[in-house]
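Novice: I'd like to ask you about the structure that follows.
Protein chains in written order, with my numbering: chain A, 7 to 81; chain B, 13 to 213.
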């Protein structure tokens, strides 16, 4: 998937992946896509909740090799 | 000819059908338009209890909520300029695991059940426990308190401080970070009244 910005949240624990993602999204423009990689298993549900509450669309959420990958489109 | 009583009955029947739908739509529109808000009272001044208010406040701000933290009593320690001296004590706290943040896995998995009387008798035990917890925090990729506090402030979380306890404990405003309001209970309560979420930590 194409993206405009990347956030490496590997090794970070709650709530840092969400806080860093929010910061990154703030610096982007509407319609741009943020690619996030994290290792926090809690981040799967957290990013779904974050997206639902903030209206930034979660385009995809996937796991491979104990890493979690998210694509979020800026509102 | 329709009688007034019949008209009333028809009107009432129609209203009963329409009102619940209208009301629901209005309430939903109102809920969607409202920015959620949270008011936290932070009363603890130890390294472990410094986490909940800052984690919840910074996350709520990231979700777009309006957040206020009211610092009172030992919570004042959380807004001092330097928070690197916050300590944690396992003494009299049976819920706190005492595990070593270094060494091989079998060693790290041991929970050291040190009797209270021993903990109390060893000079510097609290300092030792604090540095072990700081190492554990680092090993787990958990943010420091200073970092979370900065993120919360950056995200627009409002900090308000209980002026009465500032005086009670002999602090001055110079001891604390900038950008805070010094208020009393009467200023905080109306904020809490309007908040969707109110937490006492």
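From the three backbone atoms N, C-alpha and C, an ideal C-beta is built for every residue, glycine too.
Output yes if chain B places a C-beta closer than 7 Å to the C-beta of residue 11(A); else output no.
Specialist: Residue 11(A) has a beta carbon lying at 7 Å or more from every beta carbon in chain B.
Novice: With H, G and I counted as helix, E and B as strand and the rest as coil, what does DSSP make of residue 152(B)?
Specialist: coil
Novice: Residues bridged to residue 195(B) by DSSP?
Specialist: 174(B)
Novice: Could you spell out where the alpha helix (DSSP H) holding residue 44(A) opens and where it closes?
Specialist: Run containing residue 44(A): none in the alpha helix (DSSP H); it sits in the beta strand (DSSP E), 39 to 44.
Novice: So, for residue 30(A): in the same chain, excluding its five sequence neighbours on each side, which residues have a beta-carbon less than 7 Å away from its beta-carbon?
Specialist: 11, 13 and 40
Novice: Using alpha carbons as the reference points, say which of 137(B), 179(B) and 31(B) lies closest to residue 127(B).
Specialist: 137(B)
Novice: Pick from 161(B), 192(B), 100(B) and 57(B): whose alpha carbon is nearest that of residue 71(B)?
Specialist: 161(B)
Novice: Anything in chain B within Cβ reach of residue 24(A), meaning under 7 Å, just list it in chain order.
Specialist: 71 and 74
Novice: What does a CB cutoff of less than 8 Å around residue 26(A) pick up in its chain, not counting 5 residues either side in sequence?
Specialist: 13, 15 and 18
Novice: Is there a Cβ of chain A sitting closer than 7 Å to that of residue 154(B), yes or no?
Specialist: yes
Novice: Taking DSSP as the reference, what is the three-state secondary structure of residue 14(B)?
Specialist: In this structure, residue 14(B) counts as coil in the three-state DSSP scheme.
Novice: Please look up how many angstroms separate the CB atoms of residue 207(B) and residue 108(B), rounded, as I've assumed it's under 8 Å.
Specialist: No, residue 207(B) and residue 108(B) are not in contact; Cβ-Cβ is about 31 Å, not under 8 Å.
Novice: For residue 75(B), which three-state DSSP category applies?
Specialist: Looking at residue 75(B) - three-state DSSP - the assignment turns out to be coil, as it is neither helix nor strand.
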